[in-house]
Structure formats: structure tokens, C-alpha cells
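Q: Attaching a single structure in C-alpha cells format; questions to follow.
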Amino acid sequence: MWQATASACRKVTEETRSVNSTLSSLLSSLAREHGGAPALTLGERTITFSELDSTASLVADALTAAQIQPGDRVAILDKNSIEYFEVLFGAGRAGAVVVGVNYRLCAQEIRTLILDSRPRVLFVSPDLEHLSAELGADLLEGLTIVRLGPDFEIWCQAAAQTAGAWRPDATVAEDDVVLQMYSSGTTGLPKGVMLTHRNLSFTPRMGREFYGMHQETVNLLTSPLFHIGGAGYALTTLGQGGHTILVRDFVASAVLEDIQRHRVTNMFLVPATIDMLIAESKNREYDLSSIALIAYGGAPITIQQLLAAFAAFDCDFMAVYGMTEAAGTVTCLPPSDHELNGERSHLLGSIGKSLPWHEIRIIDPATGLEARSGLVGEVCIRSEQNMAGYWNQPEMTKEALDADGWLHTGDAGYCDGEGYIFLKDRIKDMIISGGENIYSIEVENVLMQHPDVREVAVIGIPHEKWGETVRAMVVPVAGRVVTEVEIVEFCRSSLARYKCPTTVQFIDALPRNASGKLLKRVLRENALEPENPQIVPNLASSSSAVRS
Numbered sequence: 001m002w003q004a005t006a007s008a009c010r011k012v013t014e015e016t017r018s019v020n021s022t023l024s025s026l027l028s029s030l031a032r033e034h035g036g037a038p039a040l041t042l043g044e045r046t047i048t049f050s051e052l053d054s055t056a057s058l059v060a061d062a063l064t065a066a067q068i069q070p071g072d073r074v075a076i077l078d079k080n081s082i083e084y085f086e087v088l089f090g091a092g093r094a095g096a097v098v099v100g101v102n103y104r105l106c107a108q109e110i111r112t113l114i115l116d117s118r119p120r121v122l123f124v125s126p127d128l129e130h131l132s133a134e135l136g137a138d139l140l141e142g143l144t145i146v147r148l149g150p151d152f153e154i155w156c157q158a159a160a161q162t163a164g165a166w167r168p169d170a171t172v173a174e175d176d177v178v179l180q181m182y183s184s185g186t187t188g189l190p191k192g193v194m195l196t197h198r199n200l201s202f203t204p205r206m207g208r209e210f211y212g213m214h215q216e217t218v219n220l221l222t223s224p225l226f227h228i229g230g231a232g233y234a235l236t237t238l239g240q241g242g243h244t245i246l247v248r249d250f251v252a253s254a255v256l257e258d259i260q261r262h263r264v265t266n267m268f269l270v271p272a273t274i275d276m277l278i279a280e281s282k283n284r285e286y287d288l289s290s291i292a293l294i295a296y297g298g299a300p301i302t303i304q305q306l307l308a309a310f311a312a313f314d315c316d317f318m319a320v321y322g323m324t325e326a327a328g329t330v331t332c333l334p335p336s337d338h339e340l341n342g343e344r345s346h347l348l349g350s351i352g353k354s355l356p357w358h359e360i361r362i363i364d365p366a367t368g369l370e371a372r373s374g375l376v377g378e379v380c381i382r383s384e385q386n387m388a389g390y391w392n393q394p395e396m397t398k399e400a401l402d403a404d405g406w407l408h409t410g411d412a413g414y415c416d417g418e419g420y421i422f423l424k425d426r427i428k429d430m431i432i433s434g435g436e437n438i439y440s441i442e443v444e445n446v447l448m449q450h451p452d453v454r455e456v457a458v459i460g461i462p463h464e465k466w467g468e469t470v471r472a473m474v475v476p477v478a479g480r481v482v483t484e485v486e487i488v489e490f491c492r493s494s495l496a497r498y499k500c501p502t503t504v505q506f507i508d509a510l511p512r513n514a515s516g517k518l519l520k521r522v523l524r525e526n527a528l529e530p531e532n533p534q535i536v537p538n539l540a541s542s543s544s545a546v547r548s
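Each residue of the sequence shown is one higher than the one before, counting from 1 in UniProt numbering.
Structure representation (C-alpha cells):
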């Protein structure tokens, strides 16, 4: 397997620390080397690295003057913006911890995050003030609210009156937490993932060596900054002295115009946004010839989606796999492994190999031992990128990070003889029927090929004899009619009978959280209610009878 040894991990870490061990030192270095170069653009506004560095120092001064102590939380409720980075680097300079708040949440959910993180300061965008106003008097008391925009500029400039309040890196260490990002909460309440300066210090090298970025890179950022795929990915470009174009609200036509206008070279996209850009590109002609690389991830992608993307964009593609708890990218499938035909085309179903400073093992959950090549187990990661833990959740931290430093991802997968990793499912979503493991993603990939299926989710439901059987939750294409029997028979043409649905339910939409992640937990809970759909006639018994 392609992985870093312990000594190699230490060497990589020492090299990285000497250059950019904290966000503050990274920004100072960028301001010296690329001061006049554009760092961030949103709409008609662009700031240079020198300007970003100066404003970050003002933010640090202002926080220090406001008696914000190292380790105190400061929250930001905003869409993608230049101010987001000014707060991130400035708070990092002052030793504070930035809590990114998901603006897509409802007021009650935001209240839960604020109650959990207990920030001293809340930076809020004017167009999101209605959410902060509903936090409640108990939370607003003692909470300093800074309105972004002109008020933020005044607040920063006022800090100039306290020149010298902040001393460069005097109280900031690489192991200090700088960013607290809340998980999407697909299994319950979100958890605050604590990331240190050291965790984030690998992102510039990641951008240089794996995303092919350099100081001439123009990177388009569509992912929200409260996600690691937003803030973490942005650092891959900023760390090279490259230019990042921010997308505040995703509108496919506007994004394509940004690509054309700014001659964008790099993007990270989730499959859903790829589909939207492809659809819009058919409506009018855009010059997309500047694009060199599209990285994709964040959700499973079908071969059909990839083929459409290859046809629409004349550029390289790279699959990436990562998570908030590992501060971003863990594995990548490079452009050289994106072969449509031939002996290695199966690699399109892989998430690639681990980056050199990670160790990855596939652990058999039943024994706790490393699984043999080709056998499915839990994907576990050991790396200096691994989080410090979950905020105020010591037991959950122990479950996720074991005593030997392995992060248990909850993803089921296997590693082949060359070190390529293939994901099969989430451990909790795996269905065990009659002693056979059934991976919901495998069934979903087949059903997504049905011309009348727009979306599908597969879950396991209790069965008296087999323990569990497969249920397909199908969202049909608008205006199309498809039957339960058609769905099951279509599946049987590609999969063993025991993997095929014995129950089919047609629904209008799949339940998702504010981040767009599918909530299979909700589907499973609903499946236990009395009004379950009828079992497909004559299919449960026949599929149960054939277990091979």
C-alpha cells in the first residue's frame, strides 16, 4: 500500500512546520513573497495578500482589545466572503478559535451550535441577521455581535487605536485549535470537530503536489466555507500565492461566467454541482478552455455522471476523498487513472491511494485486526492531519480516535494489491441479510441506471428469517411511471437476488440535512412505522430462497 511510514510522517511534518506551522506565519510568508498579487475575489472586489495580511492583523488587534483570550471561540455566520478569511486569519493570529456556522440551518439548529460552542463574538452577514436575531436573549447576553460589511471595516479600523495589542505568534502554537467545524449530523446532533494549525498546515503542500497548483493558479471556490471542502480547499490555493474566486450563491450560469471571465484553472465540485454546470452549459456557449483540473468528491458519483463530465469539460479530473475529522483530502485518484476503457478502467470506482503523509488501514470490525487485501473492513486513518477531537465530547472522541492514533471513519471499503482503496458503504448503512453483506451503494448504482429513476436510497429493514432485507426508496423522474416489479426485475438483471430489493417505496424526495447529505437514519426510522409499503408480491420469498 502507498502510505507513509512513521519516520516519513515525522519528516514531512518537520518540513511543513518550518514553513507554515500556523495560519499566521503562512499569511505573513505569503504577504512577503506575493504581497501585490490577488488573493481573493468576490464580485467586483479583489484584495491582495498584503491587504489580507494587514486586515488580519487589525482583526487580531480588535479581538485582543475586546479581551478575547487564546482558546476563546468566535463564530461567523456568513456565506462565502472575503471577510470570512479576514476573520479566520485574524482570529488565528490572536489565538482564538473560529466556529463556522452553517447558514443553511434553521434558527433553532443555529441556536444549538451557538449553545454548544459558546462564542464570545459572532460575526454575522447583514442578509443573515434574521437568523442571529432568533438566538434568544439568553445567548445574546454577553455575546458581541459584529455586523459584516461597513460596520466590520469600522470595527477593524478602530482596532488601529490599540496598535501593538497583538504580538506576532506570541501566544499561538501549532497544536492550538484554530478552527471548529460542525459535522453534518447525519446520525444525530452535529459534533464540533476541532482542527489545529498543524492539521491545516498540510494544505499548501497538498495543493502543490496533488492539485497541481502554483502562484498562477486561479481557483474557483463553490463549496461553503463552513465545510472543510470550502475553507480547507481554499488554503490549497492561497498557500501557493494563487488567486481564489469566491462564489457566494451557486447559480450555474453565473459560475460558468466566472470561469470564463477570470480564466479559472481549478475547481472542486460535488457531483450535484457538476450536473448543474453541464446542464447550463448546453443552454449557451461558454469559453471553458482555461480549466486544467476539476477535482470532485463529497458524494458518490456514477459512471454516467463522469462520462457526461468528460464530454462537457476538456480538462483533467481527479477524485478526492476526505473528511472534516482529517482536515480535508486523504486520498486521490489522479488524472492518469481516469481511463474510460482498458484494463484499468475499473479504477474509476476507486477513491485512489492515500497521500504520502497518511497511513491507511482497513480494519475488520469483528476482530479489530487489519483485513487482508480485497476484504472489506472499516477505513482507518493515522495522520498529523487528524483532528484534536470533538468539542466537549470526550467519549465520542475516544470512539473516533483510538489509543494508537487511528481515526475510525465509519466507511466500509477495501484495499487492492496496488494500494487503491474502494469504498463500499458506510458501516452503519451496510445491510446483513442471511449472513451476507449487502452494500447499499452497489444497489443504488444499479438502480440509478434505470431511465425512470431520478434518485434512490437503499436501506435494510428487519426481517424475521433473514435478519434484514433490502428496501429501495425511489424518487421517479417527473412525469414517468414505474412499478415495483419493474424496479426489482431491473435490479435482478445486474445483481444477485439476495442483493435486490424485496420492498420498494416511491417517494417525492429523499430526506437531506442542511448540507445536502442524505439522512438514511430518517428513512430507517420511518420504515419501522406501521404504514410501511406492501412487500412486492412473490419477490420476498423468491429472493430469500436464492442466497447465492
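Glycine included, each C-beta is placed from N, C-alpha and C at the ideal position.
#1: State buried or exposed for V481, treating a residue as buried only when at least 16 other CB atoms are found within 10 Å of its CB.
#2: Would you call the region 195-210 and the region 173-182 in contact, with 3 or more CB pairs under 8 Å?
#3: Roughly how many whole angstroms lie between the Cα atoms of V546 and A371?
#4: Determine whether the beta carbon atoms of V458 and R471 lie at a separation below 9 Å.
#5: Quick check on this structure: which residue in S21, S289 and G460 has the alpha carbon closest to the alpha carbon of D314?
#6: My understanding is that G297 touches A319, with C-beta atoms under 8 Å, so please give their C-beta distance in whole angstroms.
#7: So the candidates are L523, W155 and K517; which of them puts its Cα closest to the Cα of A299?
#8: Would you list the residues sitting across from G100 in a DSSP beta bridge?
#9: Need the endpoints of the beta strand (DSSP E) that G377 sits in, please.
#10: Is the CB-CB distance between A75 and V98 below 9 Å?
#11: Can you give me the Cβ contacts of residue 582 inside the same chain, cut-off strictly under 6 Å, excluding the 5 residues immediately before and after it?
#12: Based on the DSSP secondary-structure assignment, which residues constitute the bridge partners of C415?
#13: Name the DSSP bridge partner or partners of F268?
#14: Are there three or more Cβ pairs, one per stretch, closer than 8 Å when the region 398-418 is compared with the region 221-234?
#15: Cα-Cα, which of A478, M473 and S201 is closest to F506?
#16: For the alpha helix (DSSP H) that contains I351, what are its first and last residues?
#17: Measure the CB-CB distance between E436 and Y498 and report whether it falls below 9 Å.
#18: For L115, tell me which candidate among A31, V446 and W391 has the shortest Cα-Cα distance.
#19: Could you spell out where the beta strand (DSSP E) holding P476 opens and where it closes?
#20: Can you find the residues in the same chain that come closer than 6 Å, C-beta to C-beta, to G377, ignoring five residues on each side of it along the sequence?
#21: What does DSSP give as the partner residues of E129 in its beta bridges?
#22: If you compare alpha carbons, which of S350, L510 and L148 is closest to E418?
#23: Name the residue from E525, H243 and M206 whose alpha carbon lies nearest to the alpha carbon of V258.
#24: Let's test the definition: count the other Cβ atoms within 10 Å of the Cβ of L539 and tell me whether it reaches 16, buried, or not, exposed.
#25: To test your reading of the DSSP string, which unbroken beta strand (DSSP E) runs of 3 or more residues are found completely within the region 17-84?
#26: Quick check: E468 and P462, are their CB atoms within less than 9 Å of each other?
#27: Could you tell me whether any Cβ in chain B is nearer than 9 Å to the Cβ of V443?
#28: Would you call the region 122-131 in contact with the region 26-40, where contact means no fewer than 3 C-beta pairs closer than 8 Å?
#29: Kindly give me the distance between the Cβ atoms of L52 and E86, rounded to whole angstroms, as I take these residues to be in contact under 8 Å.
#30: Just verifying my parser: in three-state terms, what is the DSSP assignment at residue 609?
#31: In or out: D175 buried (at least 16 other Cβ within 10 Å) or exposed?
#32: Please classify M206 as buried or exposed, where buried requires at least 16 other C-beta atoms within 10 Å of its C-beta.
#33: Looking at the secondary structure, which residues open and close the beta strand (DSSP E) in which T244 lies?
#34: What does DSSP give as the partner residue(s) for R524 in the beta ladder?
#35: From the DSSP output, which residues share a beta bridge with R426?
#36: Quick one: grab the DSSP three-state call for M323.
A: Looking at the atomic coordinates:
#1: exposed
#2: yes
#3: Confidence at V546 is low in this model, with a pLDDT of 28, below 50, so its placement is unreliable and the value that follows should be read with caution. Computed Cα separation, rounded: 28 Å.
#4: yes
#5: S289
#6: 6 Å
#7: K517
#8: I76 and M181
#9: G377 to S383
#10: yes
#11: The displayed coordinates of the chain run from 1 to 548. Any statement about residue 582 would go beyond what the structure contains.
#12: I421
#13: A295
#14: no
#15: M473
#16: Unbroken run through I351: none, as it is neither H nor E.
#17: yes
#18: W391
#19: G467 to P476
#20: I362, I363, D364 and A371
#21: Answer by DSSP bridge pairing: none, since E129 is not bridged.
#22: S350
#23: In the sequence as displayed, the identity of residue 258 is Asp instead of Val. Cα-wise, what sits closest to D258 is H243.
#24: Caution applies to L539, whose pLDDT of 33 falls short of 50 and renders its modelled position unreliable; the value that the coordinates give is listed next. With 16 or more other Cβ atoms within 10 Å, it is buried.
#25: 38-42, 45-48 and 73-77
#26: yes
#27: The structure shown contains no chain B; it is built from a single protein chain.
#28: no
#29: 7 Å
#30: No answer is possible for residue 609: the residues shown for the chain start at 1 and end at 548.
#31: exposed
#32: buried
#33: H243 to L246
#34: In the DSSP output, where bridge partners are listed per residue, R524 has none listed.
#35: D411
#36: strand
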